[in-house]
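Peer 1:
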Amino acid sequence: MNVHKASNILISVIGKGRLKKDQTVGYEQTEYVFNPDKKKNKRYTASKTAFFGIALYEYLRNVESINIDKFIIIGTNKSAWSELYQILPHDVQSSEGITEMCLKVYEEEKKGISEQTLLEWQNTLTKYVPSLKFHKIEPVELGKGIDILLKELDKDGAHNVIFDMTHAFRNIPIVFSYGIMLLKYLRKINNIRIFYGAHDMKEYFSELGGEQSPVIEISFIDKLVKMIEAMATFENSGYFVPILNQLGFGNKEKTYFRLEMNRQPRREIEEIIKGLEDKLNTAEHAYEREIVEIMYREFCEMNRQEKLFQRMYKRSQFFYERKQYLKALILLYEATIVLFADVYNIKDNMNYDAREEARDKLRNEIKNVGSDANSNRLIKDQEEAEILKELEYVRNAAVHGSSSRSNQNYLEDIDSFKILFNSALKVFEKLLRRRDEIKKSF
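Going by my numbering, the first residue of the sequence shown is number 61, and it counts up by one from there.
1) Strictly by DSSP, which residues pair up with Pro274?
2) Tell me, which residues are paired with Arg253 by DSSP?
3) Where does the unbroken beta strand (DSSP E) through Val73 begin, and where does it stop?
4) Under a three-way DSSP split, which group does Tyr299 fall into?
5) Between Pro96 and Glu88, what straight-line distance do the alpha-carbon atoms span, to the nearest angstrom?
6) Just mark Gly269 as buried or exposed, buried being the case when its beta carbon has 16 or more other beta carbons within 10 Å.
7) On the three-state DSSP scale, how would you describe Thr342?
8) Quick test of the definition: if touching needs 3 or more C-beta pairs under 8 Å, does the region 273-291 touch the region 373-388?
9) Looking at C-beta atoms only, is the number of pairs between the region 435-444 and the region 479-498 that lie closer than 8 Å three or more?
10) Counting C-beta neighbours from all protein chains within 10 Å, is the total for Lys314 16 or more, i.e. buried, or is it exposed?
11) Determine the closest residue to Gly157 out of Glu180, Gly239, Tyr393, with distance taken between C-alpha atoms.
12) Can you check whether the CB of Leu148 is closer than 7 Å to the CB of Asp224?
13) Within this structure, are the beta carbons of Val429 and Ala445 separated by less than 7 Å?
14) How is Lys486 classed by DSSP in three states: helix, strand or coil?
15) At what residue ranges does the region 303-355 contain a whole run of the alpha helix (DSSP H), taking only runs of 4 or more?
16) Whole angstroms are fine: how far does the CA of Asn68 sit from the CA of Asn62?
17) Are three or more beta carbon pairs between the region 241-260 and the region 326-343 nearer than 8 Å?
18) For the alpha helix (DSSP H) containing Phe265, list its first residue and its last residue.
19) Pull up the DSSP beta-bridge partners for Phe194, would you.
20) According to DSSP, is Lys383 part of a helix, a strand, or is it coil?
21) On a CA-only basis, which of Asn482, Phe111, Asp432 is nearest Ala388? Give me that one, please.
22) From the DSSP output, in three-state form, read off Lys98 for me.
23) Are the CB atoms of Ile254 and Ile39 within a distance shorter than 7 Å?
24) Using 10 angstroms around the beta-carbon of Asn311, count the other beta-carbons present and answer buried if the total reaches 16, otherwise exposed.
25) Taking only three categories from DSSP, how would you classify Tyr104?
26) Determine, using beta carbons only, whether Thr159 and Glu168 come nearer to each other than 7 Å.
27) Assuming contact is defined by CB atoms lying nearer than 7 Å, are Ile134 and Phe111 in contact in what I supplied?
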């Protein structure tokens with residue numbers, strides 16, 4: 061398999077066939093119509109079959125010119141395996157050897173096909189269609205299907221997955237749908253397409269004939285999966301680029317990078333807020349509107365935080381709530397330094413020397429609190445000083461991987477760390493209020 065080019069993997073779940081009403085050999089067949097909602101000359105009607113996977117294979121090859129590198133078929137011991145003779149070239153289907161083998165499979169699958177017969181059938185068909193891979197499972201073996209996909213999809217290659225969820229017990233396609241979502245994290249999946257041979261939806265397509273069934277490509281599932289992944293990414297890390305992309309904002313990587321680097325991209329944030337306001341009025345579905353509302357609140361909150369120390373403080377809380385303790389610790393400590401720079405009117409607090417000057421002010425106030433607390437602008441009692449001192453020790457030890465100068469086991473015991481961090485948050489809120497009082501007095 062060429063690792064440089066994505067392989068096309070067709071996965072089909074095969075179910076039990078409906079026996080013919082006239083009780084002759086074989087199963088009831090259907091003409092599957094692709095693009096049923098389009099004009100007649102834009103539709104494609106596949107050859108009659110009892111197994112939708114055959115029709116889908118035909119359509120992908122003949123209409124979309126997709127070369128299927130692997131056609132993985134998963135079924136039970138009573139699935140309609142014999143129907144797969146239809147994948148063969150027409151001049152081969154009626155040959156004596158194929159007819160004899162097909163009849164053997166047909167008779168056996170009524171009671172339960174053996175592994176040996178199924179393997180023999182696969183070997184017969186792969187002489188003509190090498191991409192075929194058969195796998196037999198029990199309906200209750202829910203995890204086995206995912207194991208099969210992991211086995212069949214090369215770890216080193218990239219894949220385009222096309223999934224047929226038409227047949228089999230209802231639980232099997234549902235489990236496979238979720239399994240393919242998991243597969244995206246275990247294999248390199250470029251694209252997922254899902255098809256359904258909608259025999260039960262004929263009434264919604266009045267122009268189709270009596271023996272015809274519409275084919276639906278459920279692209280909405282792929283859209284939902286991407287939305288789920290993007291929202292999960294944002295909720296867990298604050299990385300908003302994927303969800304904004306799904307909402308139609310394009311790539312906002314540069315804006316995110318500037319925020320992460322503690323720059324101040326106010327204009328970009330205001331543009332995003334305006335775009336979200338527009339989408340609140342135009343969102344077609346309730347789920348889209350709710351996602352937009354969440355993002356709108358987040359960006360409005362960012363915009364209200366005019367000062368860098370405010371933004372750092374909020375980001376610190378955000379990461380703490382998501383168990384990203386190192387980020388939270390660094391941001392809270394740095395927010396304290398920047399707050400001191402603001403109160404002492406130290407200009408250009410993005411500058412290293414200015415930060416060091418602000419750090420000195422913090423340390424001086426910690427030192428002074430026992431002897432001359434009234435001269436301090438922000439730290440007013442010994443407990444606050446001790447908490448901020450501990451915060452600095454723990455921050456330095458965590459960043460450098462060294463032992464903390466603190467007597468407490470904050471880096472080993474999560475409960476101790478949480479007590480310190482929440483105490484530091486409360487101290488920071490006190491410092492904020494004192495800063496506001498100082499600014500009002502001028």
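We put the CB at the ideal spot given by N, CA and C, even for glycine.
Peer 2: On the basis of the data shown:
1) Val93
2) Ile222
3) 67-74
4) coil
5) 21 Å
6) Exposed, since its Cβ has fewer than 16 Cβ neighbours within 10 Å.
7) helix
8) no
9) The way I'd put it, the region 435-444 does touch the region 479-498; three or more beta-carbon pairs between them come closer than 8 Å.
10) exposed
11) Nearest neighbour of Gly157 by Cα position, chosen from Glu180, Gly239, Tyr393, turns out to be Glu180.
12) No, the pair does not count as a contact, with Cβ atoms beyond the cut-off.
13) yes
14) helix
15) 313-320, 326-342
16) The predicted model places Asn62 with a pLDDT of 46, which falls under 50 and marks its position as unreliable; any figure quoted below should be read in that light. Approximately 11 Å, taken between the alpha carbons.
17) no
18) Where Phe265 is concerned, there is no enclosing alpha helix (DSSP H), given that its DSSP letter is neither H nor E.
19) Ile133
20) Secondary structure of Lys383 (DSSP, three-state): coil.
21) Asn482
22) coil
23) In this structure the chain extends from 61 to 502, so residue 39 is not present and cannot be described.
24) So Asn311 ends up on the exposed side.
25) In the structure shown, Tyr104 sits in a strand (DSSP, three-state: E or B).
26) no
27) no
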